[in-house]
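Heads up: the structure comes next, in structure tokens.
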Amino acid sequence: MVANYATEDLYLLEDLSQRFRVTLDEIDGVATAQKLNKHQIDGKLYLRKSEIKQLIDEIFPNVNDESWGYEIPEYLQNSISPWAKTLVKMYREKFTYPASVSPSQGEFLKSLMCNIAPKNVVEIGCFTGISTIWLAAGLEQTGGAGNINSIDLFEDIIPAPPYHRAYLPNPLEYAQNSIASAQLAHRVKFHKSNSVAAGERIHEILSEPIDFIYIDGDHTKEGCEKDFMLFYPHVAIGGYIVLHDIYPEYCNWDGPRYTIDKYIKNSPHFELMEVQTSPVNYGMAVIRKLSRAKNLELRTKLKKTVIWQGIKGKPLGNFIKSYLSK
Ligand SMILES: C[S@@+](CC[C@H](N)C(=O)[O-])C[C@H]1O[C@@H](n2cnc3c(N)ncnc32)[C@H](O)[C@@H]1O
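For the sequence shown, numbering that gives the first Met the number 0 begins at 0 and goes up steadily by one.
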């Protein structure tokens, strides 16, 4: 989406038109009317990152619509805790809805932290940091040594109707400032990275097994499966894996459901509890790793190997298949 050309980040107008669901002519017309500098490179039109806010304000004039956002509970609004005050401020920003967890879901995450008191927490997909603050506030309440390594691409947040309708350049800076104002920075380390790249260098990030991982990153089938397969081997036995957005019929993403059905639901290596969530039932799965899940790894490796291709359907292949499905 963002082309780094010469010294300045540029957005391709064609990409913006697809993302904003408006025609290229319309977007070009707004850019002209706003007297924005269009740059032509190899026959394509680009806009400067520094000018994109003007375009967004013009195309999405209803962004200040009060009905857009989560209802903020009174107890949160009346709290004097720095983390609660910071969350209230964040929930009032239009770009946090609906991608961030709702206050009820956040309260659930915080409660899991208070009850489990994990030491090593990993979060994949923190977005602006709302879920990170809920998790960190729970860790703070336990008074223990729990900390969070939070991984996100931290790409600029730009409108993607009908979901996001607002703009936030530099979400990493925003998340860092928010954690600081919540007085929880000592609990959190942010990593601007693709989760797959981070998973592949997990030993540089963590020296001990993960006690709790919250996966809310790439929600496609391939993305969620990859995150799960890369990170669950590093979860301690007895540790927890929480997946967000598990009900595709509500959230329109099928990755978490696919991962649960394929690897978790019928596996003896995991305990699974599915939780309905409010006010939007995107759902959360709380999964507990019971054993090293050797079969799961073996099954995935076998599927990929030529040997498996050679023996499937044959007596030895059928034996292995029945062993793996136990
Ligand atoms: C639904 S949002 C997370 C919301 C956040 N947990 C909250 O409640 O405030 C999904 C996030 O995942 C991040 N993401 C998507 N694919 C990713 C990947 N492959 N690696 C790292 N982060 C990714 C996106 O940048 C986005 O910020």
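C-beta atoms are modelled at their ideal positions from N, C-alpha and C, and glycine is treated no differently.
Remember, it's a predicted structure, so these values are computed and weren't measured experimentally.
Query                                                                                                                                                          : Result
Would you be able to state if there are at least three C-beta pairs under 8 Å between the stretch 245-265 and the stretch 210-227?                             : yes
Under the criterion of a Cβ to heavy atom distance below 7 Å, does Cys250 qualify as lining ligand 1?                                                          : no
Out of curiosity, what's the CA-to-CA distance linking Glu57 and His185?                                                                                       : 40 Å
Is it a yes or a no for the stretch 210-221 touching the stretch 171-189, going by three-plus beta-carbon pairs under 8 Å?                                     : no
Given the structure, does Thr141 come close to ligand 1, in the sense that its CB is under 7 Å from one of the ligand's heavy atoms?                           : no
Hey, is Phe126 close to ligand 1, as in C-beta under 7 Å from one of its heavy atoms?                                                                          : yes
Quick one: what's got a C-beta closer than 6 Å to Asp155's C-beta in the same chain, skipping five residues either side?                                       : Pro168
On a Cα-Cα basis, can you pick out the residue from Leu271, Leu15 and Pro117 that is closest to Ile55?                                                         : Leu15
Which residue from Met112, Ala284, Arg47 and Trp133 puts its Cα closest to that of Gly143?                                                                     : Met112
Applying the criterion that 16 or more other CB atoms from any shown protein chain within 10 Å of the CB defines a buried residue, is Asp24 buried or exposed? : exposed
Can you name, in chain order, every residue of its own chain whose Cβ lies under 8 Å from the Cβ of Phe107, other than the five neighbours on each side?       : Val274, Thr276 and Met283
Quick one: is the Cβ of Ser330 within less than 7 Å of any heavy atom of ligand 1?                                                                             : The displayed coordinates of the chain run from 0 to 325. Any statement about residue 330 would go beyond what the structure contains.
Would you say the beta carbon of Gly216 comes nearer than 7 Å to a heavy atom of ligand 1?                                                                     : yes
For Lys107, which of helix, strand or coil comes out of DSSP?                                                                                                  : Note on identity: in this sequence residue 107 is Phe, with Lys being the wrong assignment. Looking at Phe107 - three-state DSSP - the assignment turns out to be helix.
Check whether the Cβ of Leu11 lies closer than 7 Å to any heavy atom of ligand 3, and answer yes or no.                                                        : Among the ligands in the structure shown, ligand 3 does not appear; only ligand 1 can be found there.
Is the beta carbon of Asp8 within less than 7 Å of some heavy atom of ligand 1?                                                                                : no
Helix, strand or coil for Tyr69 per DSSP?                                                                                                                      : coil
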